[in-house]
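In this note's numbering, the protein residues as written are 15 to 465.
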Ligand code: PEP
Ligand code: CO
C-alpha cells in the first residue's frame, strides 16, 4: 500500500517538534541542497537485508541487539573509539548468541546519531539562558552564545563523520577484525581482570576450541564466510528531518524511496505523534523503523502508528522500543502488548532500559543505575512470558571505554566515582564491563524462560 501524497519533503506540511531554530534559512537550504547530491551512506540492498533479518526476529528466530552512544561527538572521533564500540557490541553478541542459541542482529547507534531531542528549549546557568544543546549536527555542547547557535554546516560535518565512521566499520567487519578467531582480542585489558571479563574469556576459550574442531573437519573462514565477517548495521534517531530528507534516494532497482543516512531509523518518544512530521516522513521510506514507546502511550496510539508506518503489516518493518522505567513497566506495558497482539500486528518489541531510568546524582550528574536497568529488563522478559509474546531485542546506550557514567555493576561504580571519567555529551552510557554484565544477565534470563 503506498501513500500517493508522500514525497521526501511532504513532512513540511506537518508539525515537526524538536526542530532547531535555524537562524539563517538560506544557509540551511544551501546545505541541504548540497547534501541532496552527496553519495548515500548505505545502499538499499543492505537495508533490505536488515529487514529480512528483522523479519526473523519478528518470528522469534533471531534477536536484535542495538547499542551505541546517546550522542556521537565531533571531538571524541577516532579510530580507537569506533573500534572499541564495535568490540563491546561484538562481545555482547557472542554472549547472547551462545546463551540464546539464536543469531543476533547487530545494529549500532552510530554513524549518524548526532541529533538530540530536549525537554527544554533553553538551558540556564548562573542566571544566563541559552538555546539547549541539540546534538553536534545542530550546535556545540559548550555553554556560550556562539556555540549554541544552530549552524547548518554542522549537518554536513555530521554526514562526513558518518561516512568516515562507516568506512572503518565496514573495513573492520569484513576485513578480518570481526573474525570469530579474534574473540579473545575483543576483550579489552581493563575488562579482562573483572569478573565479567573473566567469564567472557571462558566463553571465548570454548568458542576457540569449537573453531579448532571445525577447522579439523574442514569448516574454516575460507569456505565459511560467516566465520570471517559479520553483517553490522547502523541506526540513529531520525530527528532533524532536513538531514533525513536530503539523504533520501529512490532505489533504481525497485523505484522505492530509502533514507540512505542509515539502515534503520527510529522516531523518539517526543516526536511520535501520529499526525506529526516525523511519522509522515518515515511512513514513505522503506527502511526498518523503530518507535520509542514510553508510559504515556495508549493502545490506540500504537495501533494508529502501525496503520501509518506499517500498513501492509510487513514483519521486520516496525520495532516498538519500550522505555518505561523500572517502576512503570509493570503498570504500563502488559495492556499495550496485549492490545497490539490482539490485533495481529507484526511488531518486534525491543527493550530500552536506559531512558526511563535516568536520574540526577547528588553531585548533579545525570546517571542510571545498573540495578534499575536490570530490573526493567527482567520485567520486560517476565511480562512477555506471561502474555505469551516474544521479546525481540534490547537497546542500550553504551561505549567501549572505561567511563564512569552509570552506577553499579560487578566492577562497582558509585555515585562519588561518576566525576572520574564522565565523558558523555548527553545521556550516561554503560561502560564495556557493565555492558558485558548485562549481556550475561539477558542470556541467563532468556535461558531460564525456556526451561
Ligand atoms: C535516545 O534514544 O537517546 C532518546 C532521546 O530516547 P527517547 O526518545 O526514548 O527519550
Ligand atoms: Co539518550
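Don't be surprised by glycine CBs; every beta carbon is placed ideally from N, CA and C.
Counting only residues whose CB is nearer than 5 Å to a non-hydrogen atom of the ligand CO, the list in chain order is 84 and 441. By the CB criterion at 8 Å, residue 295 and residue 25 fall inside the cutoff.
Within its own chain, the residues whose Cβ lies closer than 8 Å to the Cβ of residue 122, once the five positions on either side in sequence are excluded, are 80, 81, 82, 99, 100, 103, 183, 246, 247, 248 and 249, listed in chain order.
Short note on residue 282: C-beta closer than 7 Å to some heavy atom of the ligand PEP. Proximity to residue 353 across 326, 319, 444 and 331 peaks at 319, based on C-alpha coordinates.
Counting only residues of its own chain and dropping the five nearest sequence neighbours on each side, residue 375 has a CB closer than 7 Å to the CB of 381, 429 and 432. In the structure shown, residue 367 adopts coil according to DSSP, grouped into three states. If you keep only unbroken alpha helix (DSSP H) runs of at least 4 residues inside the segment 196 to 276, you get 203 to 206, 209 to 230, 239 to 242 and 255 to 260. Per DSSP, the continuous beta strand (DSSP E) segment holding residue 303 begins and ends at 303 to 307. Counting C-beta atoms within 10 angstroms of its own C-beta, residue 212 has fewer than 16 neighbours from the protein chains shown and is therefore classed as exposed.
Here residue 368 is near residue 411, since their CB atoms are less than 8 Å apart.
For residue 252, the closest of 21, 393, 20 and 31 by C-alpha to C-alpha distance is 31. Per DSSP, residue 123 is one residue of the beta strand (DSSP E) stretching across 118 to 123.
Nearest Cα to residue 64 within the set 120, 124 and 265: 120. Proximity to residue 392 across 455, 130, 346 and 188 peaks at 455, based on C-alpha coordinates. In the three-state reduction of the DSSP assignment, residue 412 falls in the strand class, which pools E and B. Residue state for residue 21 is assigned as coil, using DSSP reduced to three classes. Rounded to the nearest angstrom, the gap between the Cα atoms of residue 406 and residue 76 is 8 Å.
Runs of the beta strand (DSSP E) lying entirely within the segment 22 to 64 and spanning at least 3 residues: none are present. Residue 264 and residue 21 have their C-alpha atoms roughly 11 Å apart. In terms of Cβ geometry, residue 106 and residue 404 do not form a close pair [threshold 8 Å]. The segment 84 to 96 makes contact with the segment 436 to 447: 3 or more CB pairs, one atom from each, lie closer than 8 Å. Using a C-beta cut-off of 8 Å, the segment 321 to 335 makes contact with the segment 292 to 312, since at least three inter-stretch Cβ pairs fall below that distance. Remark: the shortest separation between the CB of residue 306 and any heavy atom of the ligand PEP falls under 7 Å. Taking C-beta atoms under 8 Å as the contact rule, residue 307 and residue 337 qualify, at a distance of about 7 Å.
When rounded, the separation of the alpha-carbon atoms in residue 156 and residue 413 is 21 Å. Per DSSP, the unbroken beta strand (DSSP E) holding residue 332 starts and ends at 332 to 336. The closest heavy atom of the ligand PEP lies 7 Å or more from the beta carbon of residue 367. In this structure, residue 273 keeps its C-beta atom at 8 Å or more from the C-beta atom of residue 256.
The alpha-carbon separation between residue 34 and residue 130 amounts to approximately 10 Å.
Placement of the Cβ of residue 251 at a distance of less than 7 Å from at least one heavy atom of the ligand PEP is found.
By alpha-carbon distance to residue 173, the top candidate from 53, 373 and 395 is 53.
Distance from the C-beta of residue 382 to the nearest heavy atom of the ligand PEP is not below 7 Å. The C-alpha of residue 185 lies about 29 Å from the C-alpha of residue 45. An exposed status is given to residue 400, since fewer than 16 other beta-carbon atoms sit within 10 Å of its beta-carbon.
One thing to note: residue 447 has its Cβ no nearer than 8 Å to the Cβ of residue 110.
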